[in-house]
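Undergrad: Here it is, the structure, as structure tokens.
Residue numbers (our numbering): 43 to 151.
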């Protein structure tokens, strides 16, 4: 599956998603793009899933308009995210175009 990581998504996560092609916004030169433009670009480039930490994105956009699924990580902390890579991989497989799936990232404690 072709995945795009948004700005806050830790790049090391890509190592835990074998079998997927992963690019980041920085690699694509898309840093700073607005959410609507970003979803347009992702769709045009054939990305199937955008992985983001922007919890407001699903509420700001009319997601069914796009053929891109959205996986929202509820933390930007790599030390916590790395403990949930299986759940993230499952969410990537489960999300459908135009839908958002949130992945809770509990605080360690």
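Where is the CB? At the ideal position from N, CA and C, for every residue including glycine.
Going by C-alpha distance, which of 103, 60, 149, 94 is nearest residue 125?
TA: Position 83 of the chain shown, counting from 1, holds the residue named residue 125. That would be 149, whose Cα lies nearest to the Cα of residue 125.
Undergrad: Inspect the beta-carbon positions of residue 121 and residue 102 and report whether they are closer than 7 Å.
TA: Position 79 of the chain shown, counted from the first residue, corresponds to residue 121. Position 60 of the chain shown, counted from the first residue, corresponds to residue 102. No, the Cβ-Cβ distance between residue 121 and residue 102 is not below 7 Å.
Undergrad: Would you check if the stretch 56–72 and the stretch 106–121 touch, i.e. whether three or more CB-CB distances between them fall below 8 Å?
TA: no
Undergrad: Quick check on residue 76: does DSSP put it in helix, strand or coil?
TA: For the purposes of this step, residue 76 is taken as residue 34 along the chain shown, with counting starting at 1. Residue state, collapsed to three classes: coil.
Undergrad: For residue 144 and residue 86, I'd like the C-alpha separation in whole angstroms.
TA: One-based indexing of the chain shown puts residue 144 at position 102. One-based indexing of the chain shown puts residue 86 at position 44. Distance between the alpha carbons of residue 144 and residue 86: 24 Å.
Undergrad: The alpha helix (DSSP H) with residue 132 in it runs from where to where?
TA: Sequence index remark: in the chain shown, residue 132 carries index 90 (1-based). Residues 127–136.
Undergrad: Going by the beta-carbon positions, is the gap between residue 83 and residue 142 smaller than 7 Å?
TA: In the chain shown, counting from the first residue as 1, residue 83 sits at position 41. In the chain shown, counting from the first residue as 1, residue 142 sits at position 100. Their beta carbons are not under 7 Å apart, which means residue 83 does not touch residue 142 by this criterion.
Undergrad: If we require 4 or more residues per run, which alpha helix (DSSP H) segments fall completely within the stretch 53–105?
TA: 67–70, 77–86, 99–102
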